[in-house]
Amino acid sequence: MNNLEKKLTREEINEVKIQRLKNIVKYVYDSVPFYKNKFDMMGITPEDIKTLGDIELLPFTTKEDLRRNYPYGMFAVPMNKIVRIHASSGTSGTQTIVGYTKNDIDNWSNLIADVLGRYGVTSDDVVQVAYGYGLFTGGLGLHYGIERVGASVIPMSGGNTEKQVLTMKNFGVTVLACTPSYALHIYDTMVKMGIHPEELKLRMGVFGAEPWSNEIRENIESKFKIKAYDIYGLSEVMGPGVAGECNMQDGLHINEEDFFPEIIDPITQESVEPGEKGELVLTTLTKEGIPLIRYRTRDISSLSYDKCECGCLYVKMNRIYGRNDDMMIIRGVNVYPIQIEKILLGFEELSPNYTLTLEKKGNLDQLTITVETNRDLKYYYTHELNELQKNIKNRLHNLLQVGCNIEFVNPDTLVKSEGKAKRIFDKREICI
Ligand code: DLL
């Protein structure tokens with residue numbers, strides 16, 4: 000049963016949150032030496048937590064803390080209570096390990112089922128999961144949530160794209176779950192196979208695990224003729240299902256009875272006002288295996304407590320703007336890939352496939368945007384491409400104050416992702 004069905008008021012949600020916050024703080028103090036030591040050093044006891052605002056008394060937890068306690072040092076229960084282990088992708092350093100108790104898995108399934116319910120997934124749906132199965136939380140996480148809804152799940156995992164297309168067509172798939180970049184790759188493959196969206200029963204996509212702009216959403220929706228919904232989560236905090244959109248498609252409701260969100264200024268670490276952008280910090284309120292206090296996600300978003308027309312009162316987070324780690328500082332200007340993506344997709348000649356390469360030329364940063372055109376380059380006159388290049392550069396300069404080189408390449412030149420897209424290639428360190 001989700002919040003919409005329970006119809007909790009804001010006061011009731013806050014009441015649940017404070018009770019659970021008190022419990023989790025006591026729980027970590029008693030069962031995770033890392034937290035006991037931290038609290039003791041800061042002179043905090045669980046009894047100090049009396050109001051929601053008191054969360055600010057508590058220390059932050061970082062990915063570095065998880066790495067230092069690798070593999071199981073942050074677990075709050077003995078291993079014989081852990082029934083599942085997942086790990087983060089480990090793209091930027093040692094991977095981090097997370098463990099789930101039986102209750103955690105059960106709760107996780109319910110949370111995902113709640114999110115899917117908000118999109119309108121029902122037991123009549125046939126859902127193809129093309130997120131990777133394995134240590135990544137996308138595949139198995141979604142899988143259990145879909146079963147909880149009672150829909151039919153097809154556990155495809157990522158890759159084997161032609162088979163993905165045939166399965167969608169032959170099995171009457173109504174919902175596709177994968178990264179947005181993989182959805183675009185599936186679409187391109189489908190077109191090459193001569194299959195049209197009208198031949199599918201697809202009506203919805205459950206997309207997440209990487210930042211994607213509204214422009215990419217519109218692109219996917221118009222290509223497949225479906226509704227594309229955003230789902231958010233991270234393995235350290237649970238996996239997919241921390242938050243998900245409703246059918247308003249205007250922000251993601253955070254499952255607030257299980258995750259306590261804050262937004263902080265990443266530099267000063269102070270809380271910012273609702274609506275202001277900053278780093279999302281999450282405290283798990285119900286997790287048993289690896290509960291986390293004020294986990295710094297490094298994801299940039301903002302919170303909105305405005306009433307949502309869907310009727311759900313859980314706070315909404317704006318769609319992720321990017322990760323702290325992905326913010327590029329180009330000649331002193333801060334730029335997120337999504338800002339560039341939005342501009343590129345404003346040109347109908349360009350496809351959504353692009354990469355950003357950063358190099359040093361002398362002492363200066365240089366950004367090269369490599370982007371596939373929608374048609375083979377031989378169909379364009381040179382002056383058309385020059386004009387296009389000029390227009391893109393002008394837009395980038397006017398909107399972001401950054402200069403760049405633009406390189407057009409033929410469709411199908413760039414490597415397509417079957418999971419999270421890799422778009423940034425920062426070669427600056429090795430060029431110095
Ligand atoms: O990506 C969990 C997930 C699986 C979420 C499937 C949604 C769907 P990790 O591999 O630990 O877990 O990566 C977490 O991915 O901190 C964000 O930077 C990014 N991310 C996840 N969902 C979104 C989203 C999974 N909807 C990291 N929008 C997070 C933007 C997202 N970024």
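Residues in the sequence shown are numbered consecutively from 0, following numbering that gives the first Met the number 0.
Beta carbons are placed, not taken as given, at the ideal position from N, Cα and C, and that holds for glycine.
Three-state secondary structure (DSSP) of residue i
i	result
Asp364	strand
Gly418	coil
Pro290	coil
Tyr353	strand
Cys430	Since pLDDT at Cys430 reaches only 41, below the 50 mark, its modelled position is unreliable, and the value read off the structure follows with that caveat. Three-state DSSP puts Cys430 in a helix.
Val152	strand
Ser270	strand
Leu134	coil
Lys49	coil
Ala112	helix
Asn2	Here the model assigns Asn2 a pLDDT of 49, short of 50, so the residue's position is not dependable, and the following value carries that caveat. The answer is helix: DSSP assigns Asn2 an H, G or I state.
Glu371	strand
Thr412	coil
Gln18	helix
Lys306	coil
Arg297	strand
Val467	Past the edges of the chain, shown from 0 to 431, lies residue 467, and the structure says nothing about it.
Tyr378	helix
Ile145	helix
Ile84	strand
Gly119	coil
Pro210	coil
Unbroken alpha helix (DSSP H) run spanning residue i, endpoints
i	result
Met167	Thr160 to Asn169
Thr188	Pro179 to Lys191
Ile215	Asn213 to Phe223
Of the residues the options, the one placed nearest residue i, counting alpha carbons only
i	options	result
Thr302	Ile319, Arg330 and Glu11	Checking the sequence, you will find Leu at residue 302 rather than Thr. Measuring from the Cα of Leu302, the nearest candidate turns out to be Ile319.
Leu387	Asp375, Asn409, Gln365 and Leu343	Leu343
Ser416	Tyr186, Gly238 and Ala75	Tyr186
Asp425	Asn397, Lys224 and Thr356	Thr356
Asp411	Thr188, Gly402, Asp364 and Glu308	Thr188
Tyr130	Leu141, Thr121 and Asn13	Leu141
Lys222	Val401, Asp264 and Pro179	Pro179
Ser350	Asn409, Val190 and Gly310	Asn409
Gly204	Arg374, His85 and Val128	Val128
Val27	His396, Gly288, Tyr181 and Ala420	Gly288
Lys306	Ile299, Met316, Lys80 and Ser300	Met316
Tyr228	His195, Thr100, Cys177 and Lys200	Cys177
Arg341	Asp364, Gln365, Val370 and Gly331	Correcting the residue type first, residue 341 is Lys in the shown sequence and not Arg. The shortest Cα separation from Lys341 among Asp364, Gln365, Val370 and Gly331 belongs to Val370.
Ile225	Cys309, Tyr304 and Arg216	Arg216
Val172	Leu199, Phe346 and Thr354	Leu199
Phe258	Pro77, Val241 and Asn36	Val241
Continuous beta strand (DSSP E) stretch holding residue i: start and end
i	result
Phe206	Met203 to Gly207
Phe259	Phe258 to Ile263
Pro384	According to the sequence displayed, residue 384 carries Leu and not Pro. Segment Thr381 to Leu399 is the alpha helix (DSSP H) holding Leu384; no beta strand (DSSP E) there.
Ile342	Where Ile342 is concerned, there is no enclosing beta strand (DSSP E), although the alpha helix (DSSP H) it sits in stretches over Pro336 to Leu343.
Leu57	Where Leu57 is concerned, there is no enclosing beta strand (DSSP E), given that its DSSP letter is neither H nor E.
Phe407	Asn404 to Val408
Ile230	Lys226 to Leu233
Pro32	That residue, Pro32, is in no beta strand (DSSP E); its alpha helix (DSSP H) goes Pro32 to Met41.
Met508	Nothing about residue 508 can be reported from this structure: the residues present for the chain run from 0 to 431 only.
Thr100	Ile96 to Thr100
Phe424	Ile423 to Asp425
Gly277	Gly277 to Thr283
Contact test: residue i Cβ vs the ligand DLL heavy atom, cutoff 7 Å
i	result
Asp298	yes
Pro210	yes
Phe59	no
Pro432	Because the chain in this structure spans residues 0 to 431, residue 432 falls outside the shown range and cannot be described.
Ile423	no
Ile342	no
Phe135	yes
Asp64	no
Ser234	yes
Tyr118	no
Ile225	no
Asp113	no
Ile230	yes
Arg322	yes
Gly207	yes
Ser180	no
Ile319	yes
Tyr130	yes
Ser156	no
Ser87	yes
Closer than 8 Å to chain B by CB, residue i
i	result
Asn218	The chain inventory of the structure shown lacks chain B, comprising one protein chain alone.
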